[in-house]
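Participant: This is the structure I have questions about; it appears just below.
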């Protein structure tokens, strides 16, 4: 889960009555735990709540009536779940959450628990000022989880699922001006890469990075992609296939390239320039991807170990060498893809508008597992980015499939 882009929060939803369970949940990767007011005396509730906060976890405090809500508010809970099911009679009253909403500060997140089965139920809670709903049993009972989730969230069924290989990502790297970034965006590029490696020939200044970031992030969202909810599949997918789907965005995304820089510097610049993705191009520990709050593109040479490790980098990028401008050997790329039938990669190294289609198609049946192409020197003239070449490269790459 930690390797998923924009992953959902994880709740340990069971009876918690001891600090050990909270610590156990944290070590297992949970973001929060459920504290049920009805089963805990005030002293134990306070102790478990405080212990959760010490571990950086804001608990979901469950109540079912006004008396328990008073206890939760007094506790200082920031997230309160109202169980619409009476735990004594097991009768469900969907109006319970709405009736208790007025008892808590507006800043408190209120979540409706139990009895949520339809989109109309969701809309009713929203009208009552409820911030979230928790749905479990209804999903488990649904014949098709993806259809149920889509209907619950939007009131419509999801569109037919598309193949990951049907659309090729395009990344324009080495971007050095807002004009080039906008040209990439206008041409249909999915990613705009900026070099943040001190001393590198394509490294840009702080001011230029800020300007490019603003240009990318204010570019109109004109593309139509399936929402993540609509793309949910009730069949298990491999890590890289699922990650590839989640990279879709209605606007171009900004990628910061780093090489053998301190993790603290990577994290600082990610926040400073609002990077949507981070690309690691050196010998950084593979585990760094778990500590970086955005998806990570990791550069590998053919034959380099670790390329197929799940749960870390979102997508591996196959390259012949940093800025070498040399095409990858087709046989070497095929060998990498054949080593793991579920592996998905970005292809880089020596690509340009004239050879990108041929380079991908040369892989034969394995070409479908190339999910994106990356270009830098291939859209330059005399060491500078050429706007016409950027447009030509994007056009050529998008026409491959």
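In my numbering, the protein residues as written are 3 to 403.
Using N, Cα and C, we set each Cβ at its ideal position, and we do this for glycine too.
None of the values given here were measured: they were computed from a predicted structure.
How many whole angstroms separate the CB atoms of residue 39 and residue 74, which I take to be in contact at a CB cut-off of 8 Å?
Facilitator: Numbered from 1 along the chain shown, position 37 holds the residue referred to as residue 39. Numbered from 1 along the chain shown, position 72 holds the residue referred to as residue 74. The Cβ separation is near 6 Å, so the contact holds.
Participant: Which residue comes first and which comes last in the beta strand (DSSP E) that contains residue 94?
Facilitator: Position 92 of the chain shown, counted from the start, is the residue given in the question as residue 94. Run containing residue 94: none; DSSP gives neither H nor E here.
Participant: Suppose contacts are defined by Cβ-Cβ distances below 7 Å. Is residue 347 in contact with residue 320 by that definition?
Facilitator: Here residue 347 corresponds to residue number 345 of the chain shown, with the count starting at 1. Here residue 320 corresponds to residue number 318 of the chain shown, with the count starting at 1. For residue 347 and residue 320, yes; Cβs fall inside 7 Å.
Participant: Might you give, ordered along the chain, the residues of its own chain that have their beta carbon closer than 6 Å to the beta carbon of residue 167, omitting 5 neighbours on each side?
Facilitator: Working through the chain shown from its first residue, we reach residue 167 at position 165. Low confidence applies to residue 167: its pLDDT is 46, below 50, so where it sits in the model is not reliable enough to give any reading.
Participant: Looking at C-alpha atoms only, which residue of 18, 156, 388, 127 is the closest neighbour of residue 112?
Facilitator: For the purposes of this step, residue 112 is taken as the residue at position 110 of the chain shown. It is 127 whose Cα lies nearest to the Cα of residue 112.
Participant: Only counting the same chain, and skipping five residues up and downstream in sequence, which positions put a Cβ closer than 8 Å to that of residue 231?
Facilitator: Counting from one through the chain shown, the residue named residue 231 turns up at place 229. Below a pLDDT of 50, predicted positions are generally treated as unreliable, and residue 231, at 42, falls in that range; no measurement from the model is reported.
Participant: Going by beta-carbon coordinates alone, are residue 447 and residue 218 separated by less than 7 Å?
Facilitator: With the chain covering 3 to 403 only, the question about residue 447 has no answer from this structure.
Participant: Give me the residue from 269, 390, 343, 286 with the minimum Cα distance to residue 367.
Facilitator: Within the chain shown, the letter at position 365 stands for residue 367. Of the listed residues, the one whose Cα sits closest to residue 367 is 343.
Participant: Is it a yes or a no for the stretch 129-143 touching the stretch 86-93, going by three-plus beta-carbon pairs under 8 Å?
Facilitator: No, they do not touch.
Participant: Using three-state DSSP, classify residue 286 as helix, strand or coil.
Facilitator: One-based indexing of the chain shown puts residue 286 at position 284. The answer is coil: DSSP assigns residue 286 none of H, G, I, E or B.
Participant: Just the C-alpha distance for residue 354 and residue 265, rounded to the nearest angstrom, thanks.
Facilitator: As a working note, residue 354 is residue 352 in the chain shown. As a working note, residue 265 is residue 263 in the chain shown. The straight-line gap from Cα to Cα measures roughly 32 Å.
Participant: Just verifying my parser: in three-state terms, what is the DSSP assignment at residue 108?
Facilitator: As a first step, residue 108 is located in the chain shown; it is residue number 106 there, counting from the start. In the structure shown, residue 108 sits in coil (DSSP, three-state: anything other than H, G, I, E or B).
Participant: So if DSSP puts residue 210 in a beta bridge, which residue, or which two residues, is it bridged to?
Facilitator: On the chain shown, position 208 is the one that residue 210 refers to. The partner list for residue 210 (beta bridge, DSSP) is empty, contrary to what the question assumes.
Participant: Give me the residue from 129, 58, 50 with the minimum Cα distance to residue 31.
Facilitator: Within the chain shown, residue 31 is the residue found at index 29, counting from 1. Comparing Cα-Cα distances from residue 31 to each of 129, 58, 50, the minimum goes to 58.
Participant: Need the endpoints of the beta strand (DSSP E) that residue 134 sits in, please.
Facilitator: Working through the chain shown from its first residue, we reach residue 134 at position 132. First-last of the beta strand (DSSP E) with residue 134: 134-136.
Participant: In the DSSP assignment, what residue or residues form a beta bridge with residue 9?
Facilitator: Here residue 9 is taken as the residue at index 7 of the chain shown, counted from 1. According to DSSP, residue 9 bridges with nothing at all.
Participant: Taking the alpha helix (DSSP H) that residue 34 falls in, what are its first and last residues?
Facilitator: As a position in the chain shown, residue 34 is number 32, starting the count at 1. Careful: residue 34 lies outside any alpha helix (DSSP H), inside the beta strand (DSSP E) at 34-38.
Participant: Less than 8 Å between C-beta atoms, sequence neighbours within five positions excluded: which residues of the same chain meet that for residue 260?
Facilitator: Sequence index remark: in the chain shown, residue 260 carries index 258 (1-based). Taken in chain order, the residues that qualify are 198, 199, 267, 268, 271, 280, 281, 282, 283, 284, 286.
Participant: Could you spell out the range, first to last residue, of the alpha helix (DSSP H) harbouring residue 392?
Facilitator: Against the chain shown, residue 392 aligns to sequence position 390. Element bounds for residue 392: 389-400.
Participant: Enumerate in chain order the residues of its own chain whose CB-to-CB distance from residue 110 is below 8 Å, with the five nearest sequence positions on each side excluded.
Facilitator: In the chain shown, counting from the first residue as 1, residue 110 sits at position 108. Around residue 110: 75, 79, 80, 81, 82.
Participant: List the DSSP bridge partners of residue 363.
Facilitator: To locate residue 363, count along the chain shown from 1; it is residue 361. Bridge partners of residue 363: none, in fact.
Participant: Going straight from the alpha carbon of residue 149 to that of residue 98, what length do you get?
Facilitator: Against the chain shown, residue 149 aligns to sequence position 147. Against the chain shown, residue 98 aligns to sequence position 96. Distance between the alpha carbons of residue 149 and residue 98 is about 27 Å.
Participant: Considering only residues of the same chain and omitting the five flanking positions on each side of residue 229, which have a CB-CB separation below 7 Å?
Facilitator: For the purposes of this step, residue 229 is taken as residue 227 along the chain shown, with counting starting at 1. Note that residue 229 scores a pLDDT of 43, beneath 50, so its modelled location is shaky; the value from the coordinates is reported in the next line. Nothing meets the Cβ criterion.
Participant: Whose C-alpha, out of 108, 292, 41, 94, is nearest the C-alpha of residue 123?
Facilitator: Position 121 of the chain shown, counted from the start, is the residue given in the question as residue 123. Closest option to residue 123, Cα to Cα, is 94.
Participant: Please confirm if the stretch 208-223 is in contact with the stretch 384-402, defined as three or more CB-CB distances below 8 Å between the two stretches.
Facilitator: No, the stretch 208-223 does not touch the stretch 384-402.
Participant: In the structure shown, what three-state DSSP assignment does residue 233 receive?
Facilitator: As a first step, residue 233 must be located in the chain shown, where it is residue number 231. Bear in mind that the predicted position of residue 233 carries a pLDDT of just 45, short of 50, making it unreliable; the figure below should be weighed with that in mind. Coil, per DSSP.
Participant: Over what stretch of residues does the alpha helix (DSSP H) that includes residue 24 continue unbroken?
Facilitator: Here residue 24 is taken as the residue at index 22 of the chain shown, counted from 1. Taken as a continuous stretch (DSSP letters only), the alpha helix (DSSP H) holding residue 24 covers 21-29.
Participant: Ends of the alpha helix (DSSP H) at residue 155?
Facilitator: Mapped onto the chain shown, residue 155 falls at position 153. It spans 147-156 - the alpha helix (DSSP H) in which residue 155 sits, taken as one unbroken run.
Participant: Suppose the cutoff is 6 Å on Cβ atoms and the five residues either side in sequence are ignored; what does the same chain contact list for residue 2 look like?
Facilitator: Absent from the model: residue 2. The displayed extent of the chain is 3 to 403, so no value can be given.
Participant: What's the call for residue 201, buried or exposed, on a 16-neighbour Cβ count within 10 Å?
Facilitator: To locate residue 201, count along the chain shown from 1; it is residue 199. Exposed is the call here.
Participant: Do you know offhand how far residue 43's Cα is from residue 18's?
Facilitator: Locating residue 43 in the chain shown gives position 41, where the first residue counts as 1. Locating residue 18 in the chain shown gives position 16, where the first residue counts as 1. Approximately 12 Å between the Cα atoms of the pair.
Participant: Could you spell out where the alpha helix (DSSP H) holding residue 188 opens and where it closes?
Facilitator: Here residue 188 refers to the residue found at position 186 when the chain shown is read from its first residue. It spans 180-189 - the alpha helix (DSSP H) in which residue 188 sits, taken as one unbroken run.
Participant: Considering residue 348, what are the terminal residues of the beta strand (DSSP E) in which it resides?
Facilitator: Sequence index remark: in the chain shown, residue 348 carries index 346 (1-based). Where residue 348 is concerned, the enclosing beta strand (DSSP E) stretches over 347-349.
Participant: I believe residue 335 touches residue 304 by the beta-carbon criterion, under 8 Å. Please report the beta-carbon distance rounded to the nearest angstrom.
Facilitator: Position 333 of the chain shown, counted from the start, is the residue given in the question as residue 335. Position 302 of the chain shown, counted from the start, is the residue given in the question as residue 304. Contact holds; Cβ gap of about 6 Å.
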